[in-house]
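In UniProt numbering, the protein residues as written are 1 to 403.
Note that the Cβ used here is the ideal one computed from N, Cα and C, for glycine as well.
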Amino acid sequence: MDLLESELSVIKSSVIDSLLNSLDTGIFENRTSVAYVQAYSKVLEAADIDENCKYLYNYYKKIITDYTEKVVKRELLQLRGEELLKKLLLRWQNHKMLVYWMRKFFYFLDRYYIKNTNLPSLFLAGMTIFKSQVFNQIKVHLCNALIDQINNERNGAYIDINTIKETLLCFAQLGCDKFSIENTGGKFLWIGQPNLDLYHEEFENIFLEKTKEFYISKSQQWITSMSCPEYLHAVNQAFANEERRLQEYLEPCTKDPLMKIVINELVANNARAVLEMPGTGFEDMLKNGKIDELKLMFSIFRNHEPSLNIIAAKLSFYLETREGLIVNDPKLQEAMKEFTNRLSIFKDEIDEMIKYSFENHSLFQRLRDMSFQNFMNRCPYLAQYAASNCDHKMKKGLEDISE
């Protein structure tokens, strides 16, 4: 064993110390094929004796653990916010480099010793050290830093998207147990199928809860300071921004729960308050013919069926009210032509609104048809007026042809 320790001491002083120094200086001074072959050969020679293999395996882990605990962990525990995120990415990249080269030196263990045991591979053993000694110690601060950055962006600040994306990728990579590391032009790439367990447990669940808190607060700010159209534009922009975040750095599996929260807090829980905003709400849009604003409202509220039903109920009441004004106008009751013209104009107005603002949605088509059917049933002289008006137009048309 003394001989083995002596040989390992030679390996450490010749290449491992240079490797460890390069993690802080960026300069790997003894990265030569000769040094690598000498280190690998000494491990290969020592591993010929079976009882040495376990010692070599533990030595491999000890080198990585000592550096990770004394340098990386100590440094990252002192950091917070964006600085923590950026430094983590640097240390994560360096750790992949460390594990890559250490595995090359001890590769014989992976090929023969570990293959015949239940021990983790050299790659997995090296990454597990980072997970236990670093990630698990800073994961709360890490999650807080990520959410703070995302909320800053939601509030209009510029953030480094790539930093967020790469940090979240660490969650997926550290959750995996089958992977490899490749050296591509000095950049050490993690190759494998990501496992999202850590992403779900240590980030997504907390992120979704904080997202709910953010939009509860934001919706109340908007409702008390904005008109209805302004609120709708703000919500529409929030939808677009969250969709963009999903494309840029969040995992696809986050989409459904994230958008459900955004819709609940910005639409479902505030539907009536938004629709009934004094002076600018749904009824005012109808009265003033704001078909573009109605179209925007529909595009937002259609994401939540109960809220869309509230719009339908309010539109039904509006139609009944407008129809009642026509039916109960004593002047129109005595003027068949004016009555039918007024009704025709109203019908065209509603048809255009249903087509443009509500995109001919079946719910609103049915609502319109039922409303006009009820209107005709309530107006006993409507059929006579309509028939007379049609007869008048036909006769006028025939006169024009004969002339």
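Straight-line gap, residue i to residue j (C-alpha atoms, nearest Å)
i	j	result
asparagine 183	lysine 96	9 Å
leucine 325	asparagine 309	25 Å
threonine 129	asparagine 21	Position check: residue 129 holds isoleucine in this sequence, whereas threonine was assumed. One C-alpha to the other measures close to 19 Å.
tyrosine 60	asparagine 264	52 Å
proline 194	leucine 168	11 Å
leucine 196	serine 344	60 Å
glycine 14	leucine 4	It is worth fixing the name first, because residue 14 is serine in this sequence and not glycine. Going by the C-alpha atoms only, they are around 15 Å apart.
methionine 285	proline 306	20 Å
aspartate 24	threonine 65	16 Å
lysine 290	serine 357	9 Å
serine 371	aspartate 160	54 Å
glutamine 93	glutamine 247	24 Å
lysine 115	threonine 163	37 Å
leucine 56	aspartate 48	11 Å
arginine 80	isoleucine 11	37 Å
lysine 187	threonine 254	29 Å
alanine 157	serine 316	43 Å
lysine 87	lysine 131	15 Å
asparagine 241	glycine 192	30 Å
lysine 104	tyrosine 40	7 Å
glycine 185	glycine 26	14 Å
lysine 139	aspartate 2	40 Å
proline 257	lysine 314	29 Å
aspartate 351	threonine 321	17 Å
lysine 17	serine 33	First, the amino acid is wrong: residue 17 is aspartate here, not lysine. Distance between the alpha carbons of aspartate 17 and serine 33: 16 Å.
serine 9	lysine 165	40 Å
Sequence-distant residues of the same chain with beta carbon closer than 7 Å to residue i, five excluded per side
i	result
isoleucine 300	Leu232, Val235, Asn236, Val267
tryptophan 190	Lys96, Gln173, Phe179, Ile181
leucine 19	Phe28, Leu98, Trp101
isoleucine 354	Asn360, Phe364, Gln365, Arg368
arginine 378	Val327
alanine 35	Ser14, Val15
serine 219	Glu265, Leu266, Asn270
glutamine 137	Lys73, Leu77
leucine 119	Tyr57
phenylalanine 135	Leu174
asparagine 152	Ile159
Contacts around residue i, its chain only, beta-carbon distance under 6 Å, and the 5 residues preceding and following it disregarded
i	result
glutamine 38	none
leucine 294	Met285, Ser357
leucine 85	Ala145, Thr163, Thr167
cysteine 170	Trp92
arginine 245	none
Nearest neighbour of residue i, chosen from the options [CA to CA]
i	options	result
glutamate 243	Glu305, Lys12, Val10, Arg154	Arg154
alanine 282	Cys228, Tyr199, Lys73, Gln247	According to the sequence displayed, residue 282 carries phenylalanine and not alanine. Checking every option, the nearest Cα to that of phenylalanine 282 belongs to Cys228.
tyrosine 215	Phe188, Tyr356, Met259, Glu202	Met259
leucine 90	Gly81, Arg103, Leu76, Arg80	Leu76
phenylalanine 346	Glu323, Ser357, Phe358	Glu323
glutamate 83	Asn118, His141, Val10, Phe123	His141
phenylalanine 239	Ala125, Asn288, Asn303	Asn303
asparagine 374	Leu319, Asp348, Lys314, Glu349	Leu319
arginine 272	Met297, Tyr113, Cys253, Val262	Met297
serine 217	Pro257, Cys253, Val262	Val262
glutamate 51	Asp348, Tyr113, Lys314, Gly26	Tyr113
leucine 122	Asn152, Glu7, Lys62, Lys165	Lys62
glutamate 230	Lys314, Cys176, Gly192, Asp292	Asp292
alanine 125	Tyr158, Asn288, Gly156, Asp177	Asp177
cysteine 53	Glu352, Thr321, Asp348, Thr117	Thr117
asparagine 288	Gly185, Asp17, Glu349	Glu349
Cross-strand partners of residue i (DSSP beta bridge)
i	result
glycine 126	None; glycine 126 has no bridge partner.
phenylalanine 179	Gly192
threonine 184	Lys187
Cutoff 8 Å; reference residue i; Cβ partners in own chain excluding five residues on either side
i	result
glutamate 251	Leu168, Ala172, Leu196, Tyr199, Glu204
alanine 312	Leu363, Phe364, Leu367
cysteine 143	Glu202, Phe203, Ile206, Phe207
glutamine 133	Thr65, Thr68, Glu69, Val72, Lys73
glutamate 7	Lys42, Glu45, Ala46
tyrosine 249	Ile161, Ile164, Lys165, Leu168
task: Would you check if the segment 41-49 and the segment 100-111 touch, i.e. whether three or more CB-CB distances between them fall below 8 Å?
output: Cβ pair count under 8 Å is three or more, so yes.
> Are the segment 221-229 and the segment 276-286 touching by the rule of at least three beta carbon pairs closer than 8 Å?
Replying inline: yes
Worksheet entry | Validate contact between the segment 198-211 and the segment 146-166 using beta carbons, cut 8 Å, 3 pairs | yes
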